[in-house]
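Using UniProt numbering, the first residue of the sequence shown is number 1, and each one after it goes up by one. Ideal Cβ placement from N, Cα and C applies to all residues, glycine included. Here the structure is a predicted model, which is why all the values come from computation and not from measurement. Worksheet for the structure shown next.
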Amino acid sequence: MGNIAFGYPAGTTPRPRRDIICVNKALTAIIGTTLSQPGFLQYMGLLGEHGLTANANALIGAMNGVFQAGTLFGIWTTTIIMDKWGRKKAIAYAATLSIIGSAIVTASQNVTMFIVFRFVAGAGCGLIQVCPVYCSELAPPVLRGFFVGMNGMLIATGYAFAAYMGLAFNSLKDNPEGQWRGPLGMGMVFSLWMIIILPFIPESPRWLLMKNEESKAWDIVKRLHSVSSDHDHDFTRREFYQIRKQIELDRTLDNSWTHMLKKPSYRKRSLLAIGYAFLGESTAVLVITNYSSILYKQLGYDSHQQIALQAGYHTVPIIGNLIGAVIMDKVGRRPLMLIGLAGCAVFLSIEAGIVASFTQPGQAHNPAGLNMGVVALYLFIFCYAIGVDVAGLVFFGEMFPNHIRGKGFSLAVGTKSLTDLVYLEAASTAFANIETKGLPLEEIAAICDKDEVRLYLNEVEIDPTTHKLQVHHQENDETITKVAMEPFDEEIQAAPKGV
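Given below as C-alpha cells:
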C-alpha cells in the first residue's frame, strides 16, 4: 500500500506536452495527466484566449519540479523519524503528509495553492524510502529479494492505476473540474489505508533490537521466519542469534552522516548507492514517463490512441517488476542490474533513431517504423523495471548495515529525486525552447505551431538526367513525384553541366 501510495501521486504529476507548451497552439484533451485537461489549465489561469499565458511554461516546470523537491524533504525528515522512533511511525508520518497534500491539491483554488501543496504531497513520498527498508528487515534471507522487489511492482501499480483513473474520470464531460480533481483525490485512498493497517503490522525486529527490545524482536522473528517442518525453530534461533550479536556491535558504532563519509567502507557503500541511483534515473525514465505524450504525438498517434498507449506503458512495468522479483533470488542482483541498464541503453538508442528518422517534418510516412517507436518505448520500460528498478530497491536496502541503513537508503532515494528534479526542469525548458539549427526559415513554423508549410527542402531534388526539379510528397501512404515548373527553366536547361 505504501508503494502504491507513492506511485499514484507520482503518476498523476502534471506532464506538459509539446502541443501545450508551444504558445498559441490549440489544446487537445489527452487523458491520463492533470495538465492535459483544458479545464485544469483554464481554472488555474494558465490558458487564455490565445493559448498559454506568458508565465505558463515556468509554472508547468514548477509543478513537476516541486514534487521532487518535496520528496527530498520527505526523505530527509523520514530518515530522522525511522531511526529515532521506528519504521512504523515513519510510515505514519509519510502517509499523513501524503493525505494532507493530496487533499489540498485536490481542493486547490489557484495555481499557488496547487504548487505549494504539491510540495507537501511530494514530502509524503518518504514512503518510497521507509517501505523497502521495512520489508528488507522483515523478510527471511531466501525471500528478501522477492519481498523487497515487490515494492517496485507496487510502485508501477500506482502509476498504472493513476493512468486508468485519469481515463475513467475523463467520462465526466459535463464536469471539467471533476475530470482533474477526481484522479488527484484518489491519491488519498492508499495513504489512508496505510494508516488503518499500521496497528496490525509488526515493527522491524532489527530496529527493536537497536532499542534493546529483545523479547519483542524475538516474537516477531519467530512468528514470521518459522516453517512448519521446523518444530524447534532451529533456523530461526540461529538467525536471531546472528542478528542480535551483530546489532550489539552496531549499537556501539557511530551512525552520523559525517562518519558515513569518513569511514572508507561506508564511503564506498554510499558512493555505490549514489552512483547506481544516478545511473538509473539518467536512463531518462521519468522524463519519458512524464512527457511520453509528446513522443506518441510525434509518432503520429491521435488523442485517443495516446491515452491507450500511456495506460499500456504504465502497465508494462508491473510485469517487469514482478518477473524481476520472482527470479532475483535465483539469478542475483548484479546480473539483473547490468542487463537492465544495457537494455535501457539499447532501446533508448533505437527510439532516438526512430524519432530522428521518421518524425521530422517532410519525411515520408512509415507506419512500421512509427509502430516500432512504441515497441521500443515499451521494451525500454520493461528493461528498466526488470533490472534497474526492482534490483535497485533491493540493492539499496542491502548495501548498508543496520545502524545506518535508513540514512544509506535515503542517500540513494534522495539522489534519484534530485536527479529527476534537474532532468524534469531541464526537459520543460527544452521543449519550450525549440532548436532551429540548420532549418530553412520556411520550415521553422512546422516545429511548434504546425503552421502551413508548402514544401520541405528534402522533398525537392534534381533529376540527374534532365536536370529538372522534382518534388516528392506523400498522399495516402504513397510517394507522388511531380516535375517542378521554374520561371527560369529554360536558362537551367541551357546551362552547361557543372554550372
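Check: Does Arg223 pass the burial test, meaning 16 or more other C-beta atoms within 10 Å, or should it be called exposed?; Outcome: exposed
Check: My output table needs one value for residue 507: the three-state DSSP class, helix, strand or coil.; Outcome: No answer is possible for residue 507: the residues shown for the chain start at 1 and end at 499.
Check: Report all residues from its chain with a CB closer than 7 Å to the CB of Gly48; omit the five preceding and five following residues, and keep chain order.; Outcome: none
Check: Just the Cα atoms here: how many angstroms apart are Gly332 and Ile323?; Outcome: 13 Å
Check: What ranges does the alpha helix (DSSP H) occupy inside the stretch 179 to 242, keeping only unbroken runs of at least 4 residues that lie completely in it?; Outcome: 187 to 197, 205 to 210, 214 to 225
Check: Is it the case that the stretch 397 to 411 contacts the stretch 369 to 389, given that we only count it when at least three CB pairs across the two stretches are under 8 Å?; Outcome: no
Check: Per DSSP, what are the beta-bridge partners of residue 511 in this structure?; Outcome: Missing from the structure shown is residue 511; the chain here goes from 1 to 499 and no further.
Check: Grab me the residues of Ser270's own chain with a C-beta within less than 6 Å of its C-beta, minus the 5 sequence neighbours each way, in chain order.; Outcome: Met260, Leu411
Check: Using C-beta distances below 7 Å, list every residue in its chain close to Leu309, excluding the 5 sequence neighbours before and after it, in chain order.; Outcome: Tyr296, Tyr301, Val374
Check: Hey, Glu203 and Arg87 are a contact pair by Cβ (cut 8 Å); roughly how many whole angstroms apart?; Outcome: 6 Å
Check: Tell me Val460's beta-bridge partners as DSSP assigns them.; Outcome: Val471
Check: Following the continuous alpha helix (DSSP H) through Ser270, name the residue where it begins and the one where it ends.; Outcome: 264 to 281
Check: Do you know how far the Cα of Gln470 is from the Cα of Ile128?; Outcome: 59 Å
Check: Rounding to the nearest angstrom, what Cα-Cα distance links Leu338 and Ser265 in this structure?; Outcome: 23 Å
Check: CB-CB under 8 Å to Gln42, same chain, minus the five flanking residues each way: which ones, in chain order?; Outcome: Pro176
Check: By the 10 Å Cβ neighbour count, where 16 or more other Cβ atoms means buried, how is Trp218 classified, buried or exposed?; Outcome: buried
Check: If you follow the alpha helix (DSSP H) that Lys88 is part of, which residue opens it and which one closes it?; Outcome: 87 to 106
Check: Counting along the chain, where does the alpha helix (DSSP H) carrying Arg251 start and finish?; Outcome: Neither: Arg251 is in no alpha helix (DSSP H) and is coded neither H nor E.
Check: Give me the Cβ distance between Ile91 and Val133, rounded to the nearest whole Å; I'm assuming they're in contact under 8 Å.; Outcome: Incorrect: roughly 10 Å between the Cβ atoms, too far for contact.
Check: Could you check where the alpha helix (DSSP H) with Phe400 kicks off and where it finishes?; Outcome: Counting along the chain, Phe400 falls outside any alpha helix (DSSP H), and DSSP gives it neither H nor E.
Check: Cutting at 7 Å between CB atoms, please list the residues of its own chain near Leu299, excluding the five before and the five after it.; Outcome: Thr359, Leu370, Gly373, Val374
Check: Please report the straight-line C-alpha distance between Phe395 and Gly101, rounded to a whole angstrom.; Outcome: 30 Å
Check: In three-state terms, what does DSSP make of Pro132?; Outcome: helix
Check: Out of curiosity, what's the CA-to-CA distance linking Val326 and Leu455?; Outcome: 54 Å
Check: Consult DSSP for Asn175 and reduce its assignment to one of helix, strand or coil.; Outcome: coil
Check: With a cut-off of 8 Å on the beta carbons, I'd call residue 501 and Val66 a contact; round off their distance for me.; Outcome: The shown model of the chain, from 1 to 499, leaves out residue 501, and the question about it has no answer.
Check: Can you tell which of Asn110, Val142, Leu97 has its C-alpha closest to the C-alpha of Asp329?; Outcome: Val142
Check: Taking the alpha carbon of Glu214 as the reference point, which residue from Val120, Lys245, Trp180, Met186 has its own alpha carbon closest?; Outcome: Lys245
Check: So for Lys437, helix, strand or coil by DSSP?; Outcome: coil
Check: Does DSSP put Asp302 in a helix, a strand or coil?; Outcome: coil
Check: Determine the DSSP secondary structure at Tyr291, reduced to helix, strand or coil.; Outcome: coil
Check: Would you decide whether Pro440 is buried or exposed? Buried here means 16 or more other CB atoms lie within 10 Å of its CB.; Outcome: exposed
Check: Once DSSP output is grouped into helix, strand and coil, what is the label at Thr415?; Outcome: helix
Check: For Ala284 and Tyr423, I'd like the C-alpha separation in whole angstroms.; Outcome: 8 Å
Check: Which two residues bound the contiguous alpha helix (DSSP H) that contains Asn170?; Outcome: Run containing Asn170: none; DSSP gives neither H nor E here.
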